[in-house]
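Student: Before I ask anything, here is the structure I am working with.
Residue numbers (my numbering): 666 to 1053.
Set out below in structure tokens:
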């Protein structure tokens, strides 16, 4: 099914309407719903190539959930874009448990976007010498990476050596942006500085020690993006009245499913379904959906206390921003506005941190509800009840 390449336009040379017409004619398909979009090529130019329309998903609202964080304070509604029936209802139930228990605490433990740049030394001794040089010259590398950047601050550079290969893992605060582009550009500036001032072969702007868009123990332990913890103390009466189970059952279920089951299977996510809530919030708010894999890493802990349990989630690598990427698209910006985090914060960085704490609280709600459903043996019946 070839075309006359001498005169035919290529896809990137066509206008949006031309591309749709070309595909409809060539493939014999109807794209009338794909073309029903509020976006045009000018608006989406920074986000996509060869635009043909929009992929629309249903968006629901969960909550409200009461959060007492360092940046998020108050009651928040959670926008969730998903095709999984019962998810919004489940998160809403978890939000109810949290609010009836006095609200969730939320804290950000780390805030470090990372990019690793890769070099190759001539010998292992030279590799070691290079890591020592990089440590001694951190301030110069930092200055080179931050040059021309208003909102990027390099926090540290860690080195790792395998054979002749040396990775410099750059850690940076990227303010309200998720910051992958910012730290990647900074990494290239640092690599250029190294190349001018040290005799070593520069191999790659990304060496997979970041770790970017892949499950990795590095991200689980050292974190990437924001490491966030959300926690709530749930009284026994709330556990029994809303979740239809007991604190003993909740703690035991978490141990056997989330901790033991995850360890036995080699999982890096010691949780029930972080990814469900992360994915739905990311799509709704214009985050990079590929970073759901980072967001799935983390721990759910349920510990008995006087009168109930302390239930917490630790998200080791949450990648969120309120500027850049897809956050400026119309529906995504509106979804961010529901939580009061659209655009840059005041001071800079405040909105992305607020969004991270709200996201952690939403994940906490999802974990509470699902573990409760498993304890009461209601998981399948809840899906059947909602005709899913």
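Virtual Cβ for every residue (Gly too), placed ideally from N, Cα, C. Since the model is a prediction, treat every value here as computed from it, not as a measurement.
My output table needs one value for residue 1011: the three-state DSSP class, helix, strand or coil.
Tutor: For the purposes of this step, residue 1011 is taken as residue 346 along the chain shown, with counting starting at 1. Residue 1011 falls in the coil class under three-state DSSP.
Student: Rounded to the nearest angstrom, how far is the Cβ of residue 973 from that of residue 899, given a contact under 8 Å?
Tutor: Taking the first residue of the chain shown as position 1, residue 973 is located at position 308. Taking the first residue of the chain shown as position 1, residue 899 is located at position 234. Rounded, the Cβ-Cβ distance is 5 Å, consistent with contact.
Student: Compute the distance between the beta-carbons of residue 883 and residue 893, then report whether it is under 8 Å.
Tutor: Here the question's residue 883 lines up with position 218 in the chain shown. Here the question's residue 893 lines up with position 228 in the chain shown. Against a cut-off of 8 Å, the Cβ pair of residue 893 and residue 883 comes out as no contact.
Student: With C-beta atoms as the reference, is residue 685 less than 8 Å away from residue 717?
Tutor: Here residue 685 refers to the residue found at position 20 when the chain shown is read from its first residue. Here residue 717 refers to the residue found at position 52 when the chain shown is read from its first residue. Yes, they are a contact pair.
Student: So, using beta-carbon positions, are residue 778 and residue 845 closer together than 8 Å?
Tutor: Mapped onto the chain shown, residue 778 falls at position 113. Mapped onto the chain shown, residue 845 falls at position 180. The answer is yes: Cβ separation under 8 Å.
Student: Do you know offhand how far residue 872's Cα is from residue 833's?
Tutor: Working through the chain shown from its first residue, we reach residue 872 at position 207. Working through the chain shown from its first residue, we reach residue 833 at position 168. Spanning the two alpha carbons is a distance of roughly 9 Å.
Student: Mapping DSSP to helix, strand and coil, what is residue 837?
Tutor: Counted from its first residue, the chain shown places residue 837 at position 172. Residue 837: strand per DSSP, three-state reduction.
Student: Where residue 891 and residue 694 are concerned, what is the direct C-alpha to C-alpha distance, given to the nearest angstrom?
Tutor: Position 226 of the chain shown, counting from 1, holds the residue named residue 891. Position 29 of the chain shown, counting from 1, holds the residue named residue 694. If you take the alpha carbons of residue 891 and residue 694, they lie about 43 Å apart.
Student: Give the list of continuous beta strand (DSSP E) stretches no shorter than 3 residues that lie fully inside the segment 914-982.
Tutor: Counting only runs of 3 or more, we get 963-970.
Student: By how many angstroms is the C-alpha of residue 908 removed from the C-alpha of residue 1038?
Tutor: Within the chain shown, residue 1038 is the residue found at index 373, counting from 1. Within the chain shown, residue 908 is the residue found at index 243, counting from 1. Looking at the two C-alpha atoms, the distance is approximately 7 Å.
Student: What does a CB cutoff of less than 8 Å around residue 1015 pick up in its chain, not counting 5 residues either side in sequence?
Tutor: Counting from 1 along the chain shown, the entry for residue 1015 is found at position 350. Excluding residues within five positions, the ones whose Cβ falls inside 8 Å are 736 and 841.
Student: Put residue 669 into one of helix, strand or coil per three-state DSSP.
Tutor: Along the chain shown, one-based indexing puts residue 669 at 4. Confidence at residue 669 is low in this model, with a pLDDT of 45, below 50, so the placement of that residue should be treated as unreliable; the coordinate-derived value is given next. Looking at residue 669 - three-state DSSP - the assignment turns out to be coil, as it is neither helix nor strand.
Student: With distances taken Cα to Cα, identify the nearest neighbour of residue 888 among 774, 975 and 897.
Tutor: For this step, residue 888 is matched to residue 223 along the chain shown. When only C-alpha atoms are compared, the closest one is 774.
Student: Between which two residues does the alpha helix (DSSP H) holding residue 752 run?
Tutor: On the chain shown, residue 752 is found 87 positions in, with the first residue counted as 1. Residue 752 -> alpha helix (DSSP H) spans 752-765.
Student: Would you mind giving the Cβ-Cβ distance between residue 903 and residue 762, rounded to the nearest angstrom? I have them listed as a contact below 8 Å.
Tutor: Stepping through the chain shown from its first residue, residue 903 is reached at position 238. Stepping through the chain shown from its first residue, residue 762 is reached at position 97. Residue 903 to residue 762, Cβ: 6 Å. Contact.
Student: I need the straight-line Cα distance from residue 791 to residue 830, nearest angstrom please.
Tutor: As a first step, residue 791 must be located in the chain shown, where it is residue number 126. As a first step, residue 830 must be located in the chain shown, where it is residue number 165. Rounded to the nearest angstrom, the two C-alpha atoms are 10 Å apart.
Student: Under the three-state reduction of DSSP, which class applies to residue 823: helix, strand or coil?
Tutor: Residue mapping note: residue 823 aligns to position 158 of the chain shown, counting from 1. Residue 823: strand per DSSP, three-state reduction.
Student: So residue 727 and residue 743 are supposed to be a Cβ contact under 8 Å. How far apart are they, rounded?
Tutor: Translated into the one-based positions of the chain shown, residue 727 becomes position 62. Translated into the one-based positions of the chain shown, residue 743 becomes position 78. Their Cβ separation, rounded to whole angstroms, is 4 Å, which keeps residue 727 and residue 743 in contact under 8 Å.
Student: Measuring only the C-alpha atoms, how far is residue 683 from residue 676?
Tutor: What you label residue 683 is simply residue 18 of the chain shown in a count that begins at 1. What you label residue 676 is simply residue 11 of the chain shown in a count that begins at 1. About 9 Å.
Student: With DSSP collapsed to three states, give me the class of residue 747.
Tutor: Looking up residue 747 in the chain shown gives position 82. Correct three-state label for residue 747: coil.
Student: If you follow the beta strand (DSSP E) that residue 867 is part of, which residue opens it and which one closes it?
Tutor: Sequence index remark: in the chain shown, residue 867 carries index 202 (1-based). 866-869 is the extent of the beta strand (DSSP E) around residue 867.
Student: Taking DSSP as the reference, what is the three-state secondary structure of residue 713?
Tutor: Mapped onto the chain shown, residue 713 falls at position 48. Residue state, collapsed to three classes: coil.
Student: What are the boundary residues of the beta strand (DSSP E) that residue 829 is part of?
Tutor: On the chain shown, position 164 is the one that residue 829 refers to. Run containing residue 829: none; DSSP gives neither H nor E here.
Student: Cβ of residue 755 within 8 Å of Cβ of residue 897?
Tutor: Your numbering for residue 755 matches position 90 in the chain shown. Your numbering for residue 897 matches position 232 in the chain shown. No. Outside cutoff.
Student: At the level of alpha carbons, what is the spacing between residue 927 and residue 935?
Tutor: As a position in the chain shown, residue 927 is number 262, starting the count at 1. As a position in the chain shown, residue 935 is number 270, starting the count at 1. Roughly 6 Å separates the two Cα atoms.
Student: Given a threshold of 16 other Cβ atoms within 10 Å of its Cβ, counted over all protein chains shown, does residue 619 qualify as buried or as exposed?
Tutor: Because the chain is modelled from 666 through 1053, residue 619 falls outside the range shown and cannot be assessed.
Student: Would you mind giving the Cβ-Cβ distance between residue 868 and residue 1001, rounded to the nearest angstrom? I have them listed as a contact below 8 Å.
Tutor: Residue 868 sits at position 203 when you count from the first residue of the chain shown. Residue 1001 sits at position 336 when you count from the first residue of the chain shown. That pair is no contact at about 38 Å.
Student: Could you tell me which residues DSSP puts in a beta bridge with residue 782?
Tutor: Indexing the chain shown from 1 puts residue 782 at position 117. In the DSSP output, where bridge partners are listed per residue, residue 782 has 833.
Student: What three-state label does DSSP hand residue 1101 in the structure shown?
Tutor: The chain is shown from 666 up to 1053; residue 1101 falls before or after that span and cannot be answered.
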